[in-house]
Amino acid sequence: MKKNKKGFVFVETIMVTTVLLATLMTVYGLFITTTNTESRYTRYDDPAKLYESYYLTKYFQGFNFEKLIENIDENCNTLTTKEACGANRTCEWKNNTCTKQFGYELIWQGRDDILDYTKEAMFVDDLWNKLNIKNIYVIPSKVSEVTNNCSQSLYSEICANPTLVTYLKSLDDGTPNTYYVVYEYTATRSGTACDNGMSIGASCLVYYSYIKVGD
Amino acid sequence: MNKKGITLIEVIISVALISLVMVFLFNLLMDMEYEEDHASYAKENQLNRAMIIKRVQEDFQNFELKKVDLSLDKKTITLTFGNNQTKNIYVDRKSINYNNNEKWNIEGNDDTYIDISKISVSSYLPDSRCASLNTLGMNCSAYYSYRIILPVVTGNTENTIDDIEFFYIGRA
C-alpha cells in the first residue's frame with residue numbers, strides 16, 4: 044500500500060487554527076459572562092445589607108410609609124380633578140384625565156411627605172451617607188410583571204437600570220398586596236463611598252437587598 | 409511524491425497562530441484557577457461572616473441596643489442593651505469572641521485577618537435636649553443609629569463584602 048506522506052498543508056493549518064481560535068474566543072466570552080454574573084450575585088442580599096435594609100424599612104414605617112402603598116394602588120382614573128390627581132406622585136393629569144404614570148414608588152432623602160424630612164433631616168442625611176444608599180424602590184412583589192413589561196412606561200425608570208432588572212429577576216414573585224422595598228447601595232471594593240461622578244462599573248459596585256412588606 | 413515540505417515563513421505563521429491559541433487557553437485556565445481559589449475562600453469567609461452577623465444582630469433585635477463603646481486598643485466592643493445587660497465583642501487578629509461564650513475563627517489563608525487598627529464604631533445620637541425640643545414643637549429626630557465595622561482583610565479582590573458589619577436604628 045502506498046503511504047500518504049504529505050501531512051498537513053499550510054492552508055489546512057490556518058483553517059484549523061482559525062476554527063480553534065474562534066471556538067476558544069467563544070468559550071472565553073461565555074466564561075467571562077458567567078463569572079461576571081456570579082460575582083454580581085454575591086452582591087445580592089448580603090447579610091449585613093439585609094439587616095441595614097430591615098432597620099431602614101422599620102424606620103420608614105414609623106412615618107408615612109403607608110402613603111407609598113396607597114399611591115401604588117391608587118386607581119388614577121377615579122380622580123376627576125387636576126388637584127386630586129396631582130396629589131398622587133404615581134398619577135399624571137393629561138388631556139383632562141388622570142392616568143397612571145408609575146407602577147412603583149421611590150423613597151429619596153428629602154422626601155418630606157413620607158419621611159417628615161424637616162424634622163428628620165440630619166438623621167436621614169447621616170443614614171444616606173453612612174450606608175451609601177443610592178436608591179430605594181417600593182414595587183409590587185409580582186416582580187415578573189415589572190420585568191416582563193419593561194416596554195410599558197409604568198416601570199420606565201426601573202427598566203432603564205439593567206442591573207436592577209437583573210436583580211429583580213432573581214427574586215420570587217410575591218403574593219397580591221405585598222410589596223418589595225428594594226435597596227440599591229453603591230460602594231467601592233473597599234467598602235467606602237463612591238466618589239461623586241464615579242460611574243457604576245469596575246471601581247464602583249452596586250449592592251442590592253430587599254425587604255417584603257404588606258400582608 | 410511532493411518532497412517540497414513547508415517554507416520557513418509558513419512555519420513561522422503557523423507557530424504564531426498556534427501561540428495565539430495557546431495564550432487564550434492559558435488565560436482561560438489561569439482565570440479558572442483564580443476563580444476556584446477565590447470561590448473556596450469566599451465561601452468559607454461568607455458563611456462565617458453570615459453566622460457572626462446573624463448572632464449579634466439577633467441580640468440587637470431582641471434586647472434593643474442602647475449604647476456601644478469601643479476600647480482604646482480597639483479590641484473590645486461593649487454593647488449595652490435595653491435591659492441594662494452588657495455584652496462584649498472581643499476581637500483578635502484571627503478570631504471574634506462574643507461575650508466569652510461564642511467564638512468564631514476567621515477562615516482563609518494567612519493573608520486573611522481582622523485589621524484591628526481600622527475597627528470603627530460610628531453613631532448618630534439625638535441631642536440630649538431632643539425630647540424637650542420636640543415638646544416645644546421644634547425639630548429634632550428621636551432616633552439614633554449605630555454602625556460597627558470590623559474590617560476583614562482577605563486576598564479576595566472580587567466583589568464580596570468581607571468586612572463584618574453590625575447596624576442598628578433605635579428610638580430614644
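Those protein sequences? They're chains X and C, same order as listed.
In terms of the numbering used here, the first sequence opens at residue 44 and continues consecutively.
In terms of the numbering used here, the second sequence opens at residue 409 and continues consecutively.
Backbone N, C-alpha and C fix where the C-beta goes; we use that ideal spot for every residue, glycine too.
Remember, it's a predicted structure, so these values are computed and weren't measured experimentally.
Here the C-alpha atom of residue 64(X) lies approximately 12 Å from the C-alpha atom of residue 72(X).
Straight-line measurement puts the Cα of residue 423(C) at about 56 Å from the Cα of residue 179(X). By the rule that beta-carbons nearer than 7 Å mark a contact, residue 569(C) touches chain X. Around the C-beta of residue 465(C), 16 or more other C-beta atoms lie within 10 Å, and the residue is accordingly described as buried.
Taking CB atoms only, residue 427(C) has no neighbour in chain X less than 7 Å away.
Boundaries of the alpha helix (DSSP H) harbouring residue 208(X): 205-212, taken from the DSSP string. Within the stretch 428-494 of chain C, no run of alpha helix (DSSP H) at least 4 residues long lies entirely inside it.
Contact annotation: residue 252(X) and residue 96(X) have beta-carbon atoms nearer than 7 Å. Only those residues of the stretch 431-444 of chain C whose C-beta falls short of 8 Å from the nearest C-beta of chain X are listed: 432, 433, 435, 436, 439, 440 and 443. No Cβ of chain C is located within less than 7 Å of the beta carbon of residue 255(X). Rounded to the nearest whole angstrom, the CA to CA distance from residue 237(X) to residue 229(X) is 7 Å. Beyond the five residues adjoining it in sequence on each side, residue 86(X) comes within less than 8 Å, by CB distance, of 248, 249, 250 and 251 in the same chain, given in chain order.
Within a 10 Å sphere around the beta-carbon of residue 66(X) sit fewer than 16 other beta-carbons, which makes this residue exposed. With fewer than 16 other Cβ atoms from the protein chains shown falling within 10 Å of its own Cβ, residue 437(C) counts as exposed. Contact check for residue 499(C) against residue 511(C) fails: the beta carbons are separated by 7 Å or more. In the DSSP annotation of this structure, the continuous segment of the alpha helix (DSSP H) that includes residue 161(X) starts and ends at 160-174. By the criterion of at least three beta-carbon pairs nearer than 8 Å, the stretch 571-580 of chain C is in contact with the stretch 457-473 of chain C. The contact set of residue 458(C) on chain X, defined by CB atoms closer than 8 Å, consists of 90 in chain order. For residue 166(X), the nearest beta carbon of chain C is closer than 7 Å to its own beta carbon.
Beyond the five residues adjoining it in sequence on each side, residue 196(X) comes within less than 8 Å, by CB distance, of 144 in the same chain, given in chain order. Here residue 52(X) carries a coil assignment [DSSP, helix/strand/coil].
The Cβ neighbour count for residue 154(X), taken over all protein chains shown within 10 Å, is at least 16; the residue is labelled buried.
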